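A.B. asks: Mind looking over this structure? Questions follow.
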Amino acid sequence: MASRAFGKSEINAVTSRIKVAQELAAGGINKVTTTRSDIESAINEAIKPEWARVLHGIPVDELNANKEGIRTNVLKEAGYTDIYSIYAASQQNLASVNGIGEVMSLRAKENAHKIAADVAKNVKLRLSLDHKSEEYSRLVTAVAEHMRAKENLPKCQALLALIPPSVDQDIENTKCAKSGIKWFFSGDNRKNEAQAAYGRLLATASTIDQSGLVSQIQGYPAAAQAGVQMPATTPAAPAPSALCSIIGPISIAAAWNDFANRPIEYYQVLEEIAPERFNGEEDGYGLSDEIRDDVANTPVDLTGLACTLRDYQIWGVKYILHQKRVLLGDEMGLGKTI
Numbered sequence: 175m176a177s178r179a180f181g182k183s184e185i186n187a188v189t190s191r192i193k194v195a196q197e198l199a200a201g202g203i204n205k206v207t208t209t210r211s212d213i214e215s216a217i218n219e220a221i222k223p224e225w226a227r228v229l230h231g232i233p234v235d236e237l238n239a240n241k242e243g244i245r246t247n248v249l250k251e252a253g254y255t256d257i258y259s260i261y262a263a264s265q266q267n268l269a270s271v272n273g274i275g276e277v278m279s280l281r282a283k284e285n286a287h288k289i290a291a292d293v294a295k296n297v298k299l300r301l302s303l304d305h306k307s308e309e310y311s312r313l314v315t316a317v318a319e320h321m322r323a324k325e326n327l328p329k330c331q332a333l334l335a336l337i338p339p340s341v342d343q344d345i346e347n348t349k350c351a352k353s354g355i356k357w358f359f360s361g362d363n364r365k366n367e368a369q370a371a372y373g374r375l376l377a378t379a380s381t382i383d384q385s386g387l388v389s390q391i392q393g394y395p396a397a398a399q400a401g402v403q404m405p406a407t408t409p410a411a412p413a414p415s416a417l418c419s420i421i422g423p424i425s426i427a428a429a430w431n432d433f434a435n436r437p438i439e440y441y442q443v444l445e446e447i448a449p450e451r452f453n454g455e456e457d458g459y460g461l462s463d464e465i466r467d468d469v470a471n472t473p474v475d476l477t478g479l480a481c482t483l484r485d486y487q488i489w490g491v492k493y494i495l496h497q498k499r500v501l502l503g504d505e506m507g508l509g510k511t512i
């Protein structure tokens, strides 16, 4: 009869180590998708104040662009001076204005909605350190979260690959060893299966620990850079970005600081998700207006270059020449080309 060399506490301990890694990896992989959705939602929220600002700047006279006989002077006298005021007003309130009435108020509302829809399609957004509104702060934080998730994605995928598909069955097969009574009444085959399953679980947990991926994903390296004491058993890991950990939300201040350090990468994410809303080159990738104009006007001689640079690469070259000191990082799509 096989003896029981392990029990409930040992099984729970090794199972917990594996499940923590499994949930961390799966959550990290899923976070790439959820953070992209967060960006899309933040973009929609950022559009609203920009859209309203544009509508406030369109005079109410535009309701009569097609000469439909809407009495815009009467509307202006009643306080409806721009398209937004018409859009936001109820049709009943417009109809109550002396000289407007039911039919004309309906026509005014229809025209205002058409103008508003056209404006909404063409609203452009710009991330800038000079404009940290609530909406843009939410957006820059969402992008930071997404970039962090993508940076950790290879580690999460590698961690998940260390966990064999049979792990759930192995956990199930060890249950008979959690109780002395169950173990006593289990047959030899079941006991042998439990011992083999427990051995495989130990091997899987050991492989996970030796990889160091859990601590890397949780951000111990980033904590060490910040002066936080790392556990003695934490394996060495490659130097992470400032947003290494996927644990916990990124603060607004940290997101803006990260944007200041690598604005082009933020714009690349935004231009991929909503190219109709963002143009990093035109916006100066979040730089102040003065620096943006200086960089844009910096001459670049590409004579002899045996390749064609993309717009953001040319901008990067101009930025390097203008600033006269930069740090080129891997995967920028610029350093190796030049």
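Going left to right, the sequence shown walks through residues 175 to 512 as my numbering numbers them.
Quick reminder that beta carbons are idealized off the backbone N, C-alpha and C, glycines included.
These numbers come from a predicted model, not from an experiment.
Less than 6 Å between C-beta atoms, sequence neighbours within five positions excluded: which residues of the same chain meet that for Asn-238?
C.D. replies: Numbered from its first residue, the sequence shown carries residue 238 at position 64. Only Ile-244 and Thr-246 meet the Cβ criterion.
A.B. asks: Using only CA atoms, which one of Gln-384, Ser-360, Pro-328 and Ser-311 lies nearest to Trp-430?
C.D. replies: The sequence position of residue 430 within the sequence shown is 256, counting from 1. Distance from the Cα of Trp-430 is smallest, within the candidate group Gln-384, Ser-360, Pro-328 and Ser-311, for Ser-311.
A.B. asks: Nearest CA to the CA of Gln-390: which residue from Ile-257, Tyr-493 and Gln-331?
C.D. replies: Within the sequence shown, residue 390 is the residue found at index 216, counting from 1. Of Ile-257, Tyr-493 and Gln-331, the residue nearest in Cα terms is Gln-331.
A.B. asks: Once the 5 residues before and after Thr-189 are set aside, which same chain residues still bring their CB inside 6 Å of it?
C.D. replies: As a first step, residue 189 must be located in the sequence shown, where it is residue number 15. Only Ile-345 meet the Cβ criterion.
A.B. asks: Taking Cβ positions, are Val-154 and Ala-323 nearer each other than 7 Å?
C.D. replies: A question about residue 154 goes unanswered here, because the residues of the chain that appear run from 175 up to 512.
A.B. asks: Under 8 Å by Cβ, that's how I've got Ile-185 and Tyr-372 pegged, so tell me the actual separation to the nearest angstrom.
C.D. replies: Taking the sequence shown and counting its residues from 1, the one referred to as residue 185 is at position 11. Taking the sequence shown and counting its residues from 1, the one referred to as residue 372 is at position 198. The Cβ separation is near 7 Å, so the contact holds.
A.B. asks: CB-CB under 6 Å to Ser-259, same chain, minus the five flanking residues each way: which ones, in chain order?
C.D. replies: Within the sequence shown, residue 259 is the residue found at index 85, counting from 1. For Ser-259, where only same-chain residues beyond five positions count, there are no Cβ hits under 6 Å.
A.B. asks: Please report how far the alpha carbon of Val-297 lies from the alpha carbon of Ala-377, in whole angstroms.
C.D. replies: Within the sequence shown, the letter at position 123 stands for residue 297. Within the sequence shown, the letter at position 203 stands for residue 377. Spanning the two alpha carbons is a distance of roughly 56 Å.
A.B. asks: Looking only at C-alpha atoms, which of Glu-308, Ile-274 and Val-341 sits nearest to Ile-426?
C.D. replies: Position 252 of the sequence shown, counting from 1, holds the residue named residue 426. Closest by alpha carbon: Glu-308.
A.B. asks: Given that a residue counts as buried once 16 or more other Cβ atoms are within 10 Å of its Cβ, and exposed if not, what is Arg-210?
C.D. replies: Sequence index remark: in the sequence shown, residue 210 carries index 36 (1-based). When all chains shown are included, Arg-210 counts as buried.
A.B. asks: Counting C-beta neighbours from all protein chains within 10 Å, is the total for Ser-302 16 or more, i.e. buried, or is it exposed?
C.D. replies: Taking the sequence shown and counting its residues from 1, the one referred to as residue 302 is at position 128. It counts as buried.
A.B. asks: Among the residues of its own chain, which have a CB less than 8 Å from the CB of Gly-275, if the five just before and after it don't count?
C.D. replies: As a first step, residue 275 must be located in the sequence shown, where it is residue number 101. Same-chain partners within the cutoff: Ala-269.
A.B. asks: Alpha helix (DSSP H) containing His-320: first to last residue?
C.D. replies: For the purposes of this step, residue 320 is taken as residue 146 along the sequence shown, with counting starting at 1. Taken as a continuous stretch (DSSP letters only), the alpha helix (DSSP H) holding His-320 covers 308-335.
A.B. asks: Using the Cβ count rule (16 or more neighbours within 10 Å means buried), how would you classify Asp-432?
C.D. replies: Position 258 of the sequence shown, counting from 1, holds the residue named residue 432. The residue is buried, with at least 16 neighbouring Cβ atoms inside 10 Å.
A.B. asks: Tell me the DSSP secondary structure of Asp-304 in three-state form.
C.D. replies: For this step, residue 304 is matched to residue 130 along the sequence shown. In the structure shown, Asp-304 sits in coil (DSSP, three-state: anything other than H, G, I, E or B).
A.B. asks: Does the distance from the CB of Tyr-254 to the CB of Ala-290 come in under 7 Å?
C.D. replies: Within the sequence shown, the letter at position 80 stands for residue 254. Within the sequence shown, the letter at position 116 stands for residue 290. With contacts defined by Cβ atoms closer than 7 Å, Tyr-254 and Ala-290 do not form a contacting pair.
A.B. asks: Starting from the C-beta of Ile-382, find all residues in its chain whose C-beta is less than 8 Å away, skip the five residues before and the five after it, and write them out in chain order.
C.D. replies: Along the sequence shown, one-based indexing puts residue 382 at 208. Taken in chain order, the residues that qualify are Arg-191, Ile-192, Ala-195, Leu-333, Leu-336, Ile-337 and Val-388.
A.B. asks: Quick check on DSSP: helix, strand or coil for Val-402?
C.D. replies: Locating residue 402 in the sequence shown gives position 228, where the first residue counts as 1. Because the pLDDT of Val-402 is 35, which lies under 50, any placement of that residue in the model is unreliable, and the number read from its coordinates should be weighed accordingly. In the structure shown, Val-402 sits in coil (DSSP, three-state: anything other than H, G, I, E or B).
A.B. asks: Report the start-end ranges of each alpha helix (DSSP H) in the region 259-295 that is 4 residues or longer and not cut off at the edges.
C.D. replies: 265-269
A.B. asks: Out of curiosity, what's the CA-to-CA distance linking Phe-180 and Ala-351?
C.D. replies: What you label residue 180 is simply residue 6 of the sequence shown in a count that begins at 1. What you label residue 351 is simply residue 177 of the sequence shown in a count that begins at 1. Answer to the nearest angstrom: the Cα atoms are 7 Å apart.
A.B. asks: Would you give the residue range spanned by the alpha helix (DSSP H) that Leu-229 belongs to?
C.D. replies: Position 55 of the sequence shown, counted from the start, is the residue given in the question as residue 229. Under the DSSP assignment, Leu-229 falls in the alpha helix (DSSP H) whose first and last residues are 182-230.
A.B. asks: Does the beta-carbon distance from Ala-316 to Ala-216 come in below 7 Å?
C.D. replies: For the purposes of this step, residue 316 is identified with residue 142 of the sequence shown, where counting begins at 1. For the purposes of this step, residue 216 is identified with residue 42 of the sequence shown, where counting begins at 1. Yes; because the gap between Cβ atoms is below 7 Å, this pair is in contact.
A.B. asks: Is Ala-252 near Val-271, with beta carbons less than 7 Å apart?
C.D. replies: Start at 1 with the first residue of the sequence shown, and residue 252 comes out as number 78. Start at 1 with the first residue of the sequence shown, and residue 271 comes out as number 97. Yes, they are a contact pair.
A.B. asks: With respect to the alpha helix (DSSP H) encompassing Asn-363, which residues constitute its N-terminal and C-terminal limits?
C.D. replies: One-based indexing of the sequence shown puts residue 363 at position 189. Start and end: 362-385.
A.B. asks: Compare the C-alpha of Glu-450 against each of Asn-218, Ala-199, Ala-480 and Lys-498 and name the closest.
C.D. replies: Residue numbering aside, residue 450 sits at position 276 when the sequence shown is read from its first letter. Nearest option by C-alpha distance: Asn-218.
A.B. asks: Is Lys-492 closer than 7 Å to Thr-477 when the C-beta atoms are compared?
C.D. replies: To locate residue 477, count along the sequence shown from 1; it is residue 303. To locate residue 492, count along the sequence shown from 1; it is residue 318. No.
A.B. asks: Decide if Asp-304 is buried, meaning its Cβ has at least 16 other Cβ atoms within 10 Å, or exposed.
C.D. replies: Locating residue 304 in the sequence shown gives position 130, counting from the first residue. Counting Cβ neighbours within 10 Å, Asp-304 comes out exposed, since fewer than 16 surround it.
A.B. asks: Whole angstroms is fine: what's the gap from Phe-452's alpha carbon to Trp-225's?
C.D. replies: For the purposes of this step, residue 452 is taken as residue 278 along the sequence shown, with counting starting at 1. For the purposes of this step, residue 225 is taken as residue 51 along the sequence shown, with counting starting at 1. Their Cα atoms are separated by approximately 15 Å.
A.B. asks: Taking a contact to mean a Cβ-Cβ separation below 7 Å, would you say Leu-299 touches Ala-428 in this structure?
C.D. replies: In the sequence shown, residue 299 corresponds to position 125, counting from 1. In the sequence shown, residue 428 corresponds to position 254, counting from 1. No, these two residues do not count as a Cβ contact at 7 Å.
A.B. asks: Spatial neighbours of Ala-400 within its chain, please: CB distance less than 6 Å, with the 5 preceding and 5 following residues excluded, ordered by chain position.
C.D. replies: Within the sequence shown, residue 400 is the residue found at index 226, counting from 1. Unreliable positioning characterises Ala-400 in this predicted model, as indicated by a pLDDT of 37, which lies under 50. The coordinate reading is nonetheless provided below. So the list is empty, once near-sequence residues are dropped.
A.B. asks: Beta-carbon separation of Asn-347 and Ala-368 under 7 Å?
C.D. replies: Looking up residue 347 in the sequence shown gives position 173. Looking up residue 368 in the sequence shown gives position 194. Cβ distance < 7 Å, so Asn-347 and Ala-368 count as in contact.
A.B. asks: If you run the structure through DSSP and keep just helix, strand and coil, what is Asp-342?
C.D. replies: As a working mapping, residue 342 is identified with position 168 in the sequence shown. Asp-342 falls in the helix class under three-state DSSP.
A.B. asks: Consult DSSP for Pro-513 and reduce its assignment to one of helix, strand or coil.
C.D. replies: Here the chain comprises residues numbered 175 to 512, so residue 513 is not present and cannot be evaluated.
A.B. asks: Taking the alpha-carbon of Glu-325 as reference, which of Gln-497, Asp-467 and Ala-199 has the nearest alpha-carbon?
C.D. replies: Residue mapping note: residue 325 aligns to position 151 of the sequence shown, counting from 1. Among Gln-497, Asp-467 and Ala-199, the Cα nearest to that of Glu-325 belongs to Ala-199.
A.B. asks: Return no unless some Cβ of chain B is closer than 7 Å to the Cβ of Trp-357.
C.D. replies: Note that chain B does not occur in the displayed structure, where there is just one protein chain.
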